[in-house]
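Structure, as structure tokens:
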Amino acid sequence: MMNLQEHGQARRKFINQLMLVLCGTAAAIAILVLVLILGYTLFKGISYINLNILIQAAKPMGQAGGGMRNEIFGTLILVLLGCVFALPIGVLAGIYLAEFANPRVAATIRFTADILSGVPSIVVGVFVYAIMVMPMHSFSALSGGVALAVIMVPVVARTAEESLRLVPDSMREAALALGITRWRAVVGVVMPGAMTGIITGIMLGVARIAGETAPLLFTALGSSFGVQGLLKPIGSLSLIIYKDALSPYPTDQQHAWAGAFLLVLLVLGISILVRWVSNRKHN
Amino acid sequence: MTRRNGEKTVSPVRPNTRLPARHSGYSDKIFSNLTLFFTIVMVLILAALVFILTKDAMPAINKFGFAFITNRMWNPVTDIFGALPAIYGTLVTSLIGLLIAVPISIGAAIYLVELAPNWLKGPASFIIEMLAAIPSVIIGLWGLYVMVPVVRNNIEKWLGGHLDALPLFQGPPFGVGFLSAGLLLAIMIIPIITAVTRDAMKAVPNEQREAMFALGATRWETINKAVLPYCRTGMIGAVILGLGRAFGETMAVTMVIGNGYKLTASLFSPGATIASTIASQFGEATTGVYTGSLIELALILFGLTLIVNVIARTLVWRMTSLKAAKK
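Protein chains in written order, with my numbering: chain A, 3 to 285; chain B, 237 to 563.
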């Protein structure tokens with residue numbers, strides 16, 4: 003009898019050990035995958051980085067040399083355009099949700115925002131193609147910016163709302179008690195209190211859209227003629243990585259890795275900055 | 237996640253501040269209407285998306301009707317299109333992704349919440365979340381040049397050698413195909429499933445664990461019998477949320493799936509998903525029916541992710557509001 007019980011104990015302990023080790027292994031695998039991808043991309047990418055990559059324009063397909071100056075510019079312009087369209091919508095919608103909407107309406111709108119942020123980015127690309135590229139008869143930087151904005155709006159709106167809600171009501175009451183109007187209270191007192199959170203949300207949105215490719219395929223399209231204005235096609239780092247990765251020429255493939263290095267640096271740089279800012283705020 | 241149900245957690249004073257202040261004049265009206273206007277713009281984007289996609293898919297909807305979903309042909313020359321292989325590809329690759337990602341994610345979440353030493357919890361979560369920030373096109377690049385050769389020369393060779401009784405693992409090892417796409421999808425959905433599961437597990441009250449420990453249970457028994465059943469809803473939500481991501485993932489999949497539009501049991505075979513078909517063919521579409529078919533594909537993809545996301549959100553909400561109610 004005693005023996006049986008001891009046997010049971012040993013079995014339970016063994017299962018316990020086994021499962022705990024398996025869980026640890028799972029966490030290790032998840033981390034290892036990131037290290038593998040990131041390490042390889044940075045390691046391989048940096049070996050093809052040189053000054054020409056940063057300051058020269060692209061050479062025709064397959065030719066050695068050349069750089070991705072235009073694509074770096076293109077990414078910056080597209081992200082900027084995305085912000086120009088997305089920030090007013092996102093931030094003001096966030097203010098409405100947090101300050102003015104009644105709970106029932108707010109819940110519905112919040113749900114809509116969540117659905118919008120779950121729309122696959124390729125579908126957003128097709129949508130913007132239909133509303134902008136088709137009527138204007140041209141691929142354009144502008145339409146690329148709009149596509150990125152559609153992706154960014156829900157991210158900014160939700161984080162803006164959440165950080166506004168974290169501002170204590172006593173702040174609102176104190177401001178109103180001084181006799182200032184609602185909107186002055188919101189803009190002058192509540193918003194400054196939530197600024198770190200709102201900026202964090204904006205930067206999260208920027209990190210997300212800077213690396214997007216699918217919504218740009220049929221809107222910004224990519225361009226081998228550099229930046230020619232907002233109504234013409236424009237290239238981006240993500241588009242050139244896609245194109246060069248599928249190219250049969252080794253020089254193009256090297257460019258894909260160099261571009262990947264730059265893009266990872268940009269996106270992860272922003273993400274780490276966001277993390278740092280929000281951590282500092284909590285402390 | 238925890239702030240989702242803002243209206244339940246706000247202090248009772250809150251409603252008073254929502255009333256218009258006494259001194260409010262035109263400026264207040266203008267400001268609140270301005271914020272309302274931009275909120276409506278946000279809602280209209282979604283409405284316009286559904287309307288425009290439906291309208292522009294009409295040439296295909298009118299021509300093929302319901303048969304679009306069951307037809308396996310995709311022939312731009314004869315202008316006959318069917319979505320079945322793309323839908324099949326989306327489902328199969330997402331399923332492979334889930335099969336691999338779910339055990340890893342849940343294991344990792346258990347480790348992060350229950351087992352890891354405190355100093356490690358933050359950094360480890362951070363690293364796994366970083367994985368979600370890597371752009372899809374870069375995962376695709378890595379997949380194409382680093383993972384695909386390994387899949388072709390090692391994984392598919394081994395599977396083909398040992399498990400070739402199953403039709404899934406028959407056929408020549410191409411490297412690019414359903415299996416590679418599924419593997420990349422697994423990598424890409426691990427962070428979201430891990431993060432949401434972790435949040436759900438954090439919502440389990442400590443009394444659950446303490447009661448189990450007091451009965452003399454081991455750590456694993458505590459996790460398995462007291463923690464996991466309690467947050468099952470949230471975990472299912474997390475998995476479905478991951479499925480929604482996998483459905484819509486485009487670039488990485490397009491780069492490693494090989495873009496063969498066919499219906500085949502072999503996982504080694506090149507294939508296509510809905511998203512990869514749109515990405516690789518939309519630029520070439522010339523006729524109205526061709527473009528319409530691709531837009532109808534986009535509409536189907538939107539519908540799939542919509543259903544999946546609504547289910548997932550509802551489940552995750554229920555879990556986190558449970559926590560809010562208990563407070």
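Each residue gets a CB set at the ideal place from its N, CA and C atoms; glycine is no exception.
Exercise. Do you know how far the Cα of B/Asn460 is from the Cα of A/Ile68?
Worked result: Per the sequence presented here, residue 68 of chain A reads as Gly, with Ile not at that position. Computed Cα separation, rounded: 58 Å.
Problem set entry | Where B/Arg569 meets chain A, residues with beta-carbon distance less than 7 Å | Missing from the structure shown is residue 569 of chain B; chain B here goes from 237 to 563 and no further.
For this session: With a 10 Å radius around its C-beta and 16 neighbouring C-beta atoms as the bar for buried, classify A/Tyr244 as buried or exposed.
Result: buried
Problem set entry | Other residues of its chain near B/Thr290: CB distance less than 6 Å, five sequence neighbours each side excluded | none
Exercise. Can a CB atom of chain B be found closer than 8 Å to the CB of A/Ala149?
Worked result: no
Exercise. Between the C-alpha atoms of B/Ser512 and B/Ser372, what's the straight-line distance to the nearest angstrom?
Worked result: 13 Å
Exercise. Would you call the CB atoms of B/Ala345 and B/Thr275 closer than 8 Å?
Worked result: no
Problem set entry | Of the listed residues B/Ala501, B/Ile536, B/Phe518, nearest to B/Thr329 (C-alpha basis) | B/Ala501
For this session: Could you list which residues in chain A have their beta carbon closer than 7 Å to that of B/Tyr347, in chain order?
Result: Simply Cys25, Gly26, Ala28, Ala29.
Exercise. Mind pulling the chain C residues with CB within less than 7 Å of A/Phe220?
Worked result: As a matter of chain content, chain C is missing from the structure shown, whose protein chains are A and B.
For this session: Assuming B/Ile364 and A/Ile33 form a contact by the criterion Cβ under 8 Å, report the distance between their Cβ atoms to the nearest whole angstrom.
Result: 7 Å
Exercise. By the criterion of Cβ-Cβ separation under 7 Å, what are the contact partners of A/Leu115 in chain B?
Worked result: The displayed chain sequence assigns Ala, not Leu, to residue 115 of chain A. What A/Ala115 touches in chain B: Met278.
Exercise. From which residue to which residue does the alpha helix (DSSP H) around B/Met437 run?
Worked result: From DSSP, the alpha helix (DSSP H) with B/Met437 extends over 414-438.
Problem set entry | Runs of alpha helix (DSSP H) wholly within the segment 152-198 of chain A (minimum 4 residues, chain order) | The alpha helix (DSSP H) runs of length 4 or more contained entirely in the segment 152-198 of chain A are, from start to end of the chain, 171-179, 184-187.
Exercise. Would a C-beta distance cut-off of 8 Å place B/Val463 and B/Val432 closer than the cut-off?
Worked result: no
Exercise. What's the call for A/Pro156, buried or exposed, on a 16-neighbour Cβ count within 10 Å?
Worked result: buried
Exercise. What residue from B/Tyr381, B/Met424, B/Trp378, B/Pro409 has the CA that sits closest to B/Ala368's CA?
Worked result: B/Met424
Exercise. How is B/Asn311 classed by DSSP in three states: helix, strand or coil?
Worked result: Here B/Asn311 sits in strand by DSSP.
For this session: Output yes if chain B places a C-beta closer than 8 Å to the C-beta of A/Asn72; else output no.
Result: no
Problem set entry | Segment contact, 8 Å Cβ cut-off, at least three pairs: the segment 213-223 of chain A with the segment 120-137 of chain A | yes
Exercise. Comparing the C-beta of A/Val35 with each C-beta of chain B, is any distance below 8 Å?
Worked result: With 8 Å as the cut-off, A/Val35 counts as an interface residue toward chain B.
For this session: Taking A/Phe102 as the query, report the chain B residues whose CB atoms sit under 8 Å from its CB, ordered along the chain.
Result: Arg254, Ser268, Thr271, Leu272
Exercise. Do you know how far the Cα of B/Phe518 is from the Cα of A/Ala196?
Worked result: For the pair A/Ala196 and B/Phe518, the Cα-to-Cα distance works out to about 42 Å.
Problem set entry | the segment 424-441 of chain B: positions lying closer than 9 Å to chain A by Cβ | Ile426, Pro427, Thr430
Exercise. What first and last residue would you give for the alpha helix (DSSP H) that runs through A/Leu218?
Worked result: Careful: A/Leu218 lies outside any alpha helix (DSSP H) and carries neither H nor E.
Exercise. Taking the alpha-carbon positions, what's the A/Ser249 to B/Gly418 distance?
Worked result: Straight-line Cα distance between these residues: approximately 23 Å.
Exercise. When burial is assigned at 16 or more other CB atoms within 10 Å of the CB, is B/Thr523 buried or exposed?
Worked result: exposed
Problem set entry | CB contact check: B/Met555 to chain A, cutoff 8 Å | Not an interface residue.
Exercise. Mind checking if A/Gly64 is an interface residue toward chain B, Cβ cutoff 8 Å exclusive?
Worked result: no
Problem set entry | Contacts that B/Asn389 makes with chain A (C-beta to C-beta distance below 8 Å) | Chain A residues near B/Asn389: none, gap ~17 Å exceeds 8 Å.
Problem set entry | Residue-chain proximity (B/Asn354, chain A), Cβ-Cβ < 8 Å | no
Problem set entry | Same chain, Cβ closer than 7 Å to B/Gly494, neighbours up to 5 away in sequence not counted | Within its own chain, the residues whose Cβ lies closer than 7 Å to the Cβ of B/Gly494, once the five positions on either side in sequence are excluded, are Phe410, Val412, Gly413, Pro506, Gly507, listed in chain order.
For this session: Sort A/Leu270, A/Val279, A/Ile272, A/Ala260 by Cα distance to A/Leu56 and report the nearest one.
Result: Ranking A/Leu270, A/Val279, A/Ile272, A/Ala260 by Cα distance to A/Leu56 puts A/Ala260 first.
Exercise. In chain order, what residues of the segment 476-488 of chain B put their CB closer than 8 Å to some CB of chain A?
Worked result: Gly480, Phe483, Gly484, Glu485, Thr486, Met487
Problem set entry | Three CB pairs or more closer than 8 Å across the segment 168-184 of chain A and the segment 108-117 of chain A | Contact fails: fewer than three Cβ-Cβ distances are below 8 Å.
Problem set entry | Beta bridge counterpart(s) of B/Phe317 as assigned by DSSP | B/Trp310
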